[in-house]
Amino acid sequence: MQAQDDRDHIDFTKMKTTILDLPSELIASIVAYLPDKDVFATRQANSQLERASLSHFGKRFFRKKGYMLTTPSLSVLQHIADHAELRKYVQHVWFNPDLYTFVHPDCAPDREEMPDPDNPDSLLDLLAPSDRKKYVAYQECKEDHVLLVRNCGAKLATVLTEAFAKLPNLETIGMRRSEDHRPWGWSRLRDAVGEDPRVLGPIPSGPLHFLSGPTRLFIAIINAVAATDTRLRRLYTDAIEIDNIRPDLLPQEILDKACGSIWYLETNITKGWLNRRKVADYTTIQNSSEYGKGLVRLLRATSALKEVGLQIFQVRQQSPMEDRDYHDPSLWRRSYSFLCVQQLTSSDVQLKHLTRFKLERIAASPSLLLAFLAPSQACLTSLKLRDVRLVGNERNPRPWKSIFEFLRDSCPQLDYILLYQLLYHLGSVSFGRDRHIPHPPANADPTTATPNPPHGQPVGGEPFKGSKHLTVRVHGKEAVHAKLGDLVEQHWYHKPTFTLAMDEELWHTDTSDEEW
Numbered sequence: 001m002q003a004q005d006d007r008d009h010i011d012f013t014k015m016k017t018t019i020l021d022l023p024s025e026l027i028a029s030i031v032a033y034l035p036d037k038d039v040f041a042t043r044q045a046n047s048q049l050e051r052a053s054l055s056h057f058g059k060r061f062f063r064k065k066g067y068m069l070t071t072p073s074l075s076v077l078q079h080i081a082d083h084a085e086l087r088k089y090v091q092h093v094w095f096n097p098d099l100y101t102f103v104h105p106d107c108a109p110d111r112e113e114m115p116d117p118d119n120p121d122s123l124l125d126l127l128a129p130s131d132r133k134k135y136v137a138y139q140e141c142k143e144d145h146v147l148l149v150r151n152c153g154a155k156l157a158t159v160l161t162e163a164f165a166k167l168p169n170l171e172t173i174g175m176r177r178s179e180d181h182r183p184w185g186w187s188r189l190r191d192a193v194g195e196d197p198r199v200l201g202p203i204p205s206g207p208l209h210f211l212s213g214p215t216r217l218f219i220a221i222i223n224a225v226a227a228t229d230t231r232l233r234r235l236y237t238d239a240i241e242i243d244n245i246r247p248d249l250l251p252q253e254i255l256d257k258a259c260g261s262i263w264y265l266e267t268n269i270t271k272g273w274l275n276r277r278k279v280a281d282y283t284t285i286q287n288s289s290e291y292g293k294g295l296v297r298l299l300r301a302t303s304a305l306k307e308v309g310l311q312i313f314q315v316r317q318q319s320p321m322e323d324r325d326y327h328d329p330s331l332w333r334r335s336y337s338f339l340c341v342q343q344l345t346s347s348d349v350q351l352k353h354l355t356r357f358k359l360e361r362i363a364a365s366p367s368l369l370l371a372f373l374a375p376s377q378a379c380l381t382s383l384k385l386r387d388v389r390l391v392g393n394e395r396n397p398r399p400w401k402s403i404f405e406f407l408r409d410s411c412p413q414l415d416y417i418l419l420y421q422l423l424y425h426l427g428s429v430s431f432g433r434d435r436h437i438p439h440p441p442a443n444a445d446p447t448t449a450t451p452n453p454p455h456g457q458p459v460g461g462e463p464f465k466g467s468k469h470l471t472v473r474v475h476g477k478e479a480v481h482a483k484l485g486d487l488v489e490q491h492w493y494h495k496p497t498f499t500l501a502m503d504e505e506l507w508h509t510d511t512s513d514e515e516w
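Position 414 (the sequence shown) corresponds to 414 in full-length UniProt numbering; numbering is contiguous.
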């Protein structure tokens with residue numbers, strides 16, 4: 001009993017060996033198991049522990065970090081870049097281009113109220129003190145944001161150039177827009193204004209007077225990378241109006257310098273709808289023959305590209321093409337997506353070194369898609385297709401057959417395929433031995449296809465299982481080859497089919513941690 005009491009009162013300060021005597025690599029390994037708050041406490045406890053845990057601290061908290069397009073948030077990036085030690089650990093930075101983009105905050109004056117011409121603050125005087133404080137914070141951050149991104153992000157490019165030049169290991173730059181991601185400073189703005197700055201708001205349907213935030217951010221990033229020695233390996237963008245960027249604001253030589261080292265590119269592009277003005281920092285497309293030329297310029301610059309993810313939107317919102325007459329292939333042949341792919345395949349761009357392809361919301365003919373894939377057929381290892389529509393004709397009523405034959409016969413290294421909701425000009429494509437696919441119950445939730453319960457009863461019941469007929473996911477060369485052989489004949493053409501959202505983790509692949 002006395003021995004137990006002695007063990008309970010051991011004075012660890014008198015032990016010959018303490019944690020401070022361990023090699024710094026071992027201390028860093030121990031710290032790796034601690035929660036965030038304990039890591040901070042450990043580093044504050046002792047200068048030796050602070051130094052020994054620096055490598056883990058730097059990788060854990062600074063390797064990949066997101067920022068808002070505001071001066072306070074970007075100042076954090078600049079301070080990290082100025083730090084002689086922490087700058088070494090920065091490999092991946094991303095930005096949220098939104099800041100109450102299409103949001104009229106609740107704290108703002110009523111839009112119906114007219115200001116007193118003799119009193120510019122008359123509308124503010126109508127607000128409650130708490131709302132007035134929030135609205136002032138909102139105005140300050142918006143004015144700051146506008147100054148950064150105006151003139152196609154000229155000031156933003158200067159800020160990023162200064163930071164990127166001091167980050168020796170920066171390899172990945174991207175954009176993230178949803179509320180699932182937390183850029184530095186978003187919660188402070190939320191608390192100050194009372195609303196989340198990451199929320200996009202209702203997207204307007206009419207023409208705008210300026211390029212979108214992501215487009216201006218893209219221009220700033222490319223100019224900043226080109227102005228430094230940054231060896232960019234991965235770039236991912238969101239909703240850029242690439243065909244509306246004036247070539248003089250982003251010349252081919254700037255694109256070549258910034259993008260020549262890129263291995264991984266993921267971009268979704270959208271057809272811009274902008275007011276036609278004599279003097280503007282953008283270009284408006286007068287002829288559909290110009291569609292896709294911006295995409296060609298970008299891909300021409302990525303001479304070392306190994307992976308590409310491409311998504312093309314007809315408009316800023318969900319494509320209205322989904323509601324048009326499916327029986328007229330000419331509608332799809334005139335779509336923005338189709339003409340972009342046509343422009344790309346008729347250009348001198350040859351993506352010969354691609355190992356991974358990911359295509360979404362693309363419309364093409366079988367010959368165009370084959371021309372897009374063919375240059376990389378010898379080294380292609382992974383292919384993901386989602387919402388890809390092939391436009392056939394009376395002579396080719398089964399447009400996907402030639403694609404499956406090509407993948408089976410001409411892509412010997414292919415060891416992964418993910419096909420989800422493949423389409424053709426009349427509707428959807430299903431997979432399996434049987435042409436029949438189940439339809440969701442008539443009395444079903446329109447977003448999940450889950451049967452609605454009788455009135456007064458809890459939600460439950462058997463969910464719609466039809467999506468398995470619309471998805472193919474296979475690993476391994478032999479299994480992929482065999483499955484493609486089956487798909488040549490065992491795929492079926494239907495009218496538009498009810499589908500469910502797929503698991504996004506299957507689709508979005510973060511390869512930024514991979515060793516090359």
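Ideal Cβ placement from N, Cα and C applies to all residues, glycine included. Nothing here was measured: the structure is a model prediction, and the numbers come from that model.
Query	Result
Run of the alpha helix (DSSP H) containing Gln44, from where it starts to where it stops	36-45
8 Å Cβ cutoff met for Ala172 and His92	Checking the sequence shown, residue 172 turns out to be Thr, not Ala. Their beta carbons are under 8 Å apart, which means Thr172 touches His92 by this criterion.
Contact under 8 Å by Cβ, Thr302 with Cys259	yes
For Ile203, the three-state DSSP class (helix, strand or coil)	coil
CA-to-CA distance, Asp415 to Asn268, given in whole angstroms	25 Å
Assigned secondary structure, Arg356 (DSSP; H/G/I helix, E/B strand, else coil)	strand
Cα-Cα separation, Leu77 to Glu195	24 Å
Simplified DSSP state of Ile269, which is helix, strand or coil	strand
Cβ pair Ala220, Leu156 closer than 8 Å	yes
Neighbourhood of Glu241 by C-beta, 7 Å cutoff - its chain only, sequence neighbours within 5 removed	Leu211, Ser212, Thr215, Thr270, Gly272
Nonlocal neighbours in the same chain, by C-beta distance under 6 Å from Glu322, ignoring five residues either side	A caution first: Glu322 carries a pLDDT of 47, below 50, which makes its placement in the model unreliable, though a value can still be read off. Taken in chain order, the list of residues that qualify is empty.
C-alpha gap between Asp328 and Ala371, whole angstroms	24 Å
Distance, Leu232 Cα to Leu170 Cα	7 Å
Residue burial classification, Asp238 (beta-carbon count within 10 angstroms, cutoff 16)	buried
Cβ shell of Thr345 (< 6 Å), same chain only, five flanking positions each side left out	Leu368, Ala371, Phe372
Entirely enclosed beta strand (DSSP E) segments - the region 48-130, minimum 3 residues	64-68, 92-96
Whole-angstrom C-beta distance between Ser337 and Ala363, which should lie under 8 Å	4 Å
Burial state of Tyr326 (16 or more Cβ within 10 Å)	With a pLDDT of only 49 at Tyr326, under 50, the local geometry of the prediction cannot be trusted, and the value read off the model is given with reservation. With 16 or more Cβ atoms within 10 Å of its Cβ, Tyr326 is classed as buried.
Whole-angstrom C-beta distance between Gly66 and Leu86, which should lie under 8 Å	About 16 Å; that fails the 8 Å criterion.
Candidates Lys384, Ile245, Val159, of which the one nearest Glu504 by Cα	Lys384
Backbone CA spacing between Phe95 and Val39 [nearest angstrom]	26 Å
Buried or exposed (CB count within 10 angstroms, at least 16 for buried), Ile203	exposed
Beta-carbon gap between Pro197 and Trp186 smaller than 8 Å	yes
Where Val391 falls: helix, strand or coil (DSSP)	coil
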